[in-house]
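Report on the following structure.
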Amino acid sequence: MQRQWSSAVCKSNKLRVRCREVKVEESTSVHDDEACELVNGTELTIGDNADGIRAYLFTAVKNNNATGILLLSDIFGFEDSATRDFAYRVACTGYNVLVPDLFNGDPWTKDRPNSLLQQWITKHQPERIAKTIFASANWMVNELAAVGISRKVGIIGFCYGGGRVIDILAQDQGDYFGCGVSFYGTRIDSSVASHIKVPLLLITGDDDGLCPVSVLEDITKRNKQSKMVVFQGRGHSFAHRPQTPEEDKDAEEAFTMMRNWLYNNLLAKT
């Protein structure tokens with residue numbers, strides 16, 4: 179999108195993050211630092227400064243496909259390096275990726291005792307988080323519309339954010355989002371899956387106690403547009419926080435699945 183972003187207070191800077199080989203066009207392959215030059219990072223606030231939503235926007239430059247992606251973080255928030263690195267890689271493939279602050283400046287931190295986690299989650303009420311997500315989606319859709327683009331956006335989430343992908347798509351009814359990808363979602367209410375009107379990709383590992391395969395199987399039974407992929411021997415967070423070479427290999431495969439899902443359901447259909 180070659181325009182000044184409106185309805186937000188922005189602070190731009192060129193990020194330099196190592197990218198793996200990224201295919202940016204069907205006939206062109208770009209490597210590492212060259213690919214990284216194809217993305218700009220922008221800090222912004224959606225809405226009024228006092229009560230606005232902090233967010234980070236990764237904008238594809240030379241290979242922009244004029245499509246937006248909303249990425250929902252895990253409990254560690256939108257400033258977490260693993261989440262931003264993943265968002266950057268998605269933008270390297272041509273998308274404009276918005277990562278909003280779901281937790282209003284109060285993400286979970288690793289130095290807190292686990293005994294306080296439930297209290298922290300309860301504090302961040304689902305209604306408020308849903309409001310943040312829809313406000314962020316509305317902002318992105320309006321920005322696209324302002325440059326003559328009517329295409330719907332995609333939604334991706336990890337862990338806590340992956341669970342919220344299910345909730346939001348069930349509420350959305352196809353108004354904002356054209357498809358979704360949920361990586362090992364937590365706190366999922368599978369009963370709402372029948373209300374989802376767009377294609378949904380579910381990715382998890384069979385050794386993930388926080389995202390039971392049985393829950394995702396229930397979603398696929400309730401919703402025929404959903405697809406489940408289970409990686410053998412993988413636990414929680416393997417796709418955006420790989421810890422071993424084996425996990426890294428599966429993370430690459432999961433990324434490719436996600437990229438193809440976004441292309442097939444956002445770009446190929448238009």
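Going by this note's numbering, the first residue of the sequence shown is number 179, and it counts up by one from there.
All C-beta atoms in this analysis are idealised placements derived from N, C-alpha and C, irrespective of residue type, glycine included.
These numbers were taken from a predicted model, which means no experiment stands behind them.
Under 8 Å between C-beta atoms of residue i and residue j
| i | j | result |
| --- | --- | --- |
| Phe256 | Val275 | no |
| Ile333 | Leu248 | yes |
| Val343 | Ser369 | no |
| Gly339 | Leu444 | no |
| Lys375 | Gln349 | no |
| Ala244 | Arg329 | yes |
Separation of residue j from residue i, as counted between CA atoms
| i | j | result |
| --- | --- | --- |
| Arg437 | Leu294 | 36 Å |
| Gln303 | Phe281 | 10 Å |
| Leu380 | Tyr273 | 20 Å |
| Ser372 | Ile327 | 29 Å |
| Asn320 | Ala233 | 16 Å |
| Asn291 | Gly283 | Correcting the residue type first, residue 291 is Pro in the shown sequence and not Asn. Cα to Cα, the separation comes out at about 19 Å. |
| Val391 | Tyr362 | 9 Å |
| Gly225 | Thr237 | 19 Å |
| Lys447 | Leu440 | 10 Å |
| Thr206 | Ser259 | Low confidence applies to Thr206: its pLDDT is 33, below 50, so where it sits in the model is not reliable, and the reading given next is rough at best. Taking the straight line from one Cα to the other gives about 28 Å. |
| Asp210 | Thr422 | Confidence at Asp210 is low in this model, with a pLDDT of 41, below 50, so the placement of that residue should be treated as unreliable; the coordinate-derived value is given next. Taking the straight line joining both Cα atoms gives about 21 Å. |
| Asp426 | Gly219 | 25 Å |
| Leu388 | Cys337 | 8 Å |
| Ala308 | Pro377 | 20 Å |
| Pro420 | Phe264 | 12 Å |
| Phe433 | Leu322 | 25 Å |
| Glu424 | Asp345 | 31 Å |
Opposing strand residues paired with residue i [DSSP bridges]
| i | result |
| --- | --- |
| Leu378 | Gly358 and Ser404 |
| Leu322 | The partner list for Leu322 (beta bridge, DSSP) is empty, contrary to what the question assumes. |
| Leu249 | Ile334 |
| Leu276 | Leu235 and Leu248 |
| Phe281 | In DSSP, Phe281 forms no bridge with anything. |
| Gly383 | Phe409 |
Beta-carbon contacts of residue i that lie in its chain and below 7 Å, excluding the five residues immediately before and after
| i | result |
| --- | --- |
| Asp428 | Phe409, Arg412 and Phe416 |
| Met122 | There is no way to answer for residue 122, as the model of the chain reaches only from 179 to 448. |
| Trp298 | Trp286 |
Cβ shell of residue i (< 6 Å), same chain only, five flanking positions each side left out
| i | result |
| --- | --- |
| Asn442 | none |
| Ala315 | Leu248 and Tyr354 |
| Thr398 | Ser404 and Met406 |
| Gly341 | Gly363, Thr364, Arg365 and Ile366 |
| Lys288 | none |
| Asp396 | Ser368 |
| Asp386 | Tyr362, Gly413 and His414 |
Candidates the options, of which the one nearest residue i by Cα
| i | options | result |
| --- | --- | --- |
| Val217 | Gly225, Gly246 and Tyr266 | Tyr266 |
| Gln296 | Ile253, Ile224, Phe336 and Asn401 | Ile253 |
| Trp286 | Gly272, Tyr273 and Lys301 | Lys301 |
| Thr382 | His373, Leu394, Ser372 and Ala371 | Leu394 |
| Gln403 | Lys447, Cys357, Tyr362 and Met435 | Cys357 |
| Ala313 | Thr434, Pro420, Tyr362 and Asp279 | Asp279 |
| His418 | Ile374, Thr261 and Asp289 | Thr261 |
| Thr310 | Gly230, Gln421, Arg400 and Tyr338 | Gly230 |
| Ala269 | Val239, Asp426, Gly335 and Glu305 | Val239 |
| Gly335 | Arg329, Thr364, Ala348 and Asp350 | Thr364 |
| Thr271 | Asn242, Asn401 and Asp426 | Asn242 |
| Asp384 | Asn401, Pro420 and His414 | His414 |
| Leu347 | Asp396, Asn401 and Asp386 | Asn401 |
Any non-hydrogen atom of the ligand ADP closer than 7 Å to residue i Cβ
| i | result |
| --- | --- |
| Arg365 | Of the ligands one can find in the structure shown there are none, so the ligand ADP has no counterpart to examine. |
Nonlocal neighbours in the same chain, by C-beta distance under 8 Å from residue i, ignoring five residues either side
| i | result |
| --- | --- |
| Met435 | Leu379, Ile381 and Val407 |
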